[in-house]
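Colleague: One structure is given below, represented as structure tokens, and several questions about it will come after.
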Amino acid sequence: MTRIVIALAVAALAAPLHAQDVDTLTAGRVVVLGDSNTQAGGYVAFTTYYLEKLHPEKSFDILGLGLASETLSGLSENGHAGGKFPRPCLFERLGRVLDKAKPEVVFACYGINDGIYQPLDTARSAAFQKGVTTLIEQCQKAGVKRLFLVTPPIYDHAPKTGEADYDAVMAAYAKWETELKAPGVTIIDLHTAMRKARAARAEPFAKDSVHYGDDGHLLVARTILAAVGVTPPEETAATVKADPLFKLVERKRALRSAAWMKHVGYTRETTVAPQPLGTAEADAAKVQGQIDTLRRKK
């Protein structure tokens, strides 16, 4: 029953998005940007898996480049990470991402860190909004043909008496994004899809309120896929993860993500200077060969 409700929640949100044909994702490289949930790679792998499985005649070049703790706003709370380092900001590395990866399509999911876990505030909201518009401008200037902005997920925690309602902040950020109109930009309303799906669940998507488990990652993937006109079958995350095809897709994703993060370079708790890719792409191509073999058998 829960899976059915989740599917209905996602499907209900697909129509207003003016769903793009899946060929949007085959025109060139697709880069996925975001924070810790993106770096964890779950929804990137689930999304890629279904594209590979349901469209074996097509080729996909999807590169996950999320960075934990990252923001668009450039803000950071006092004592972040025990005072070890401030939150990184995407714009420290975005120019190098666009220059080195040269994506045709970009997906970006930010917001959960941008409010720095404080009550709704005009200045913090403005910083997030400026970050979104700067992201759009820089992507378009670099020649990105299509930008998909994924609204923030829910903050999966019911506030206690006297505690700030941080999910209300995420709802406000998501609402602003859904009302954004820009050429070449599609808004994917993950926040609403996740809120509706959460209402049908006894357990949270994220036990720590932020970092969701496999069910959450699968919901994100299904929401993204709905926006490009792809409808996966109803099945559990455990079923997907047991498929040998998924294991290969995840192996390739992890291999490329790790290599490309170092290739681009980033600053978080330390600065990682850009490095050569080495054999990463050749190794990934070998895994893709195994993926293609499996796809032909299905």
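Under mature numbering (1 follows the signal peptide of the UniProt record, and there is no 0), the residues of the sequence shown are numbered -19 to -1, 1 to 279, in order. For glycine and all other residues, C-beta sits at the position ideal for the given N, C-alpha and C.
May I ask which residues mark the beginning and end of the beta strand (DSSP E) holding L128?
Modeller: For the purposes of this step, residue 128 is taken as the residue at position 147 of the sequence shown. L128 -> beta strand (DSSP E) spans R127 to V131.
Colleague: Starting from residue 280, trace the beta strand (DSSP E) in both directions and tell me its first and last residue.
Modeller: Any answer about residue 280 is impossible in this case: the structure gives the chain only from -19 up to 279.
Colleague: What separation, rounded to the nearest whole angstrom, lies between the Cα atoms of I168 and A223?
Modeller: Within the sequence shown, residue 168 is the residue found at index 187, counting from 1. Within the sequence shown, residue 223 is the residue found at index 242, counting from 1. Computed Cα separation, rounded: 32 Å.
Colleague: Spell out the partners DSSP gives A89 in its beta bridges.
Modeller: Sequence index remark: in the sequence shown, residue 89 carries index 108 (1-based). A89 is bridged to L14 and L130.
Colleague: Do you know offhand how far R232's Cα is from G246's?
Modeller: The count along the sequence shown starts at 1 and reaches residue 232 at position 251. The count along the sequence shown starts at 1 and reaches residue 246 at position 265. Each residue's Cα considered, the two are about 21 Å apart.
Colleague: Taking the alpha-carbon positions, what's the L75 to L116 distance?
Modeller: Against the sequence shown, residue 75 aligns to sequence position 94. Against the sequence shown, residue 116 aligns to sequence position 135. Between L75 and L116, the C-alpha separation is close to 8 Å.
Colleague: Using only the alpha-carbon positions, how far apart do E216 and L206 sit?
Modeller: The count along the sequence shown starts at 1 and reaches residue 216 at position 235. The count along the sequence shown starts at 1 and reaches residue 206 at position 225. C-alpha separation (whole angstroms): 15 Å.
Colleague: Looking at the strands, I want to know which residues DSSP matches up with I117.
Modeller: As a working note, residue 117 is residue 136 in the sequence shown. I117 is not bridged to any residue.
Colleague: Please go through the same chain and pick out, in chain order, the residues whose beta-carbon is closer than 7 Å to the beta-carbon of S40, but skip the five residues on each side of it.
Modeller: Here residue 40 corresponds to residue number 59 of the sequence shown, with the count starting at 1. Here the set comprises T7.
Colleague: Buried or exposed: which applies to N18, given that a residue is buried once 16 or more other Cβ atoms fall within 10 Å of its Cβ?
Modeller: Taking the first residue of the sequence shown as 1, we reach residue 18 at position 37. It is buried - the Cβ of N18 has at least 16 other Cβ atoms within 10 Å.
Colleague: Please work out which residues of its chain come closer than 7 Å, Cβ to Cβ, to G45, disregarding the five sequence neighbours upstream and downstream, and give them in chain order.
Modeller: Within the sequence shown, residue 45 is the residue found at index 64, counting from 1. Contacts found: V13, T19, G22, V25, R234 and S238.
Colleague: Alpha carbon to alpha carbon, what distance is there between V131 and G159?
Modeller: Counting from one through the sequence shown, the residue named residue 159 turns up at place 178. Counting from one through the sequence shown, the residue named residue 131 turns up at place 150. First, the residue type needs correcting, since residue 159 is Thr and not Gly in the sequence shown. Computed Cα separation, rounded: 9 Å.
Colleague: Is it right to say E33 is buried, meaning 16 or more other beta carbons lie within 10 angstroms of its own, or is it exposed?
Modeller: In the sequence shown, counting from the first residue as 1, residue 33 sits at position 52. Buried, because 16 or more other Cβ atoms sit within 10 Å of the Cβ of E33.
Colleague: Could you check the C-alpha separation between T173 and H198 for me, to the nearest Å?
Modeller: As a working mapping, residue 173 is identified with position 192 in the sequence shown. As a working mapping, residue 198 is identified with position 217 in the sequence shown. Each residue's Cα considered, the two are about 15 Å apart.
Colleague: Grouping DSSP H, G and I as helix and E and B as strand, with all else coil, what is G45?
Modeller: In the sequence shown, the residue the question calls residue 45 occupies position 64. Reduced to three states, the DSSP call for G45 is strand.
Colleague: So what does DSSP say about T217, is it helix, strand or coil?
Modeller: Taking the first residue of the sequence shown as position 1, residue 217 is located at position 236. DSSP places T217 in coil when its eight states are reduced to three.
Colleague: Can you tell me whether DSSP reads V150 as helix, strand or coil?
Modeller: For the purposes of this step, residue 150 is taken as residue 169 along the sequence shown, with counting starting at 1. In the structure shown, V150 sits in a helix (DSSP, three-state: H, G or I).
Colleague: In chain order, which alpha helix (DSSP H) runs of at least 4 residues are fully inside the segment 187 to 253?
Modeller: As far as the segment 187 to 253 is concerned, its whole alpha helix (DSSP H) runs of at least 4 residues are 195 to 208, 218 to 223 and 225 to 245.
Colleague: Here's a check: name, in chain order, each residue in its chain whose Cβ is nearer than 6 Å to the Cβ of P37, leaving out the five neighbours to either side.
Modeller: Numbered from 1 along the sequence shown, position 56 holds the residue referred to as residue 37. Closer than 6 Å at the Cβ level, and outside the excluded window around P37, lie R276.
Colleague: When the Cα atoms are used, what is the spatial distance from L79 to D196?
Modeller: Walking along the sequence shown from the start, residue 79 turns up at place 98. Walking along the sequence shown from the start, residue 196 turns up at place 215. If I take the Cα positions, the gap works out to 31 Å.
Colleague: Is the distance from the Cβ of A145 to the Cβ of L171 below 9 Å?
Modeller: Position 164 of the sequence shown holds residue 145. Position 190 of the sequence shown holds residue 171. Result no, Cβ atoms of A145 and L171 do not sit closer than 9 Å.
Colleague: Assign G96 to buried or exposed, taking buried as 16 or more other Cβ atoms, counted over all protein chains shown, within 10 Å of its Cβ.
Modeller: The residue labelled residue 96 in the question sits at position 115 within the sequence shown. The residue is buried, with at least 16 neighbouring Cβ atoms inside 10 Å.
Colleague: Tell me, to the nearest whole angstrom, how far the beta carbon of F70 is from that of E51; I am working on the premise that it is less than 8 Å.
Modeller: Counted from its first residue, the sequence shown places residue 70 at position 89. Counted from its first residue, the sequence shown places residue 51 at position 70. According to the sequence shown, residue 70 is Cys rather than Phe. 7 Å between Cβ atoms; contact.
Colleague: Using C-beta distances below 6 Å, list every residue in its chain close to D137, excluding the 5 sequence neighbours before and after it, in chain order.
Modeller: Position 156 of the sequence shown, counting from 1, holds the residue named residue 137. Result list for D137: P185, F186, A187 and S190, in chain order.
Colleague: With 16 other CB atoms within 10 Å as the buried threshold, where does P257 fall?
Modeller: Residue 257 sits at position 276 when you count from the first residue of the sequence shown. When all chains shown are included, P257 counts as exposed.
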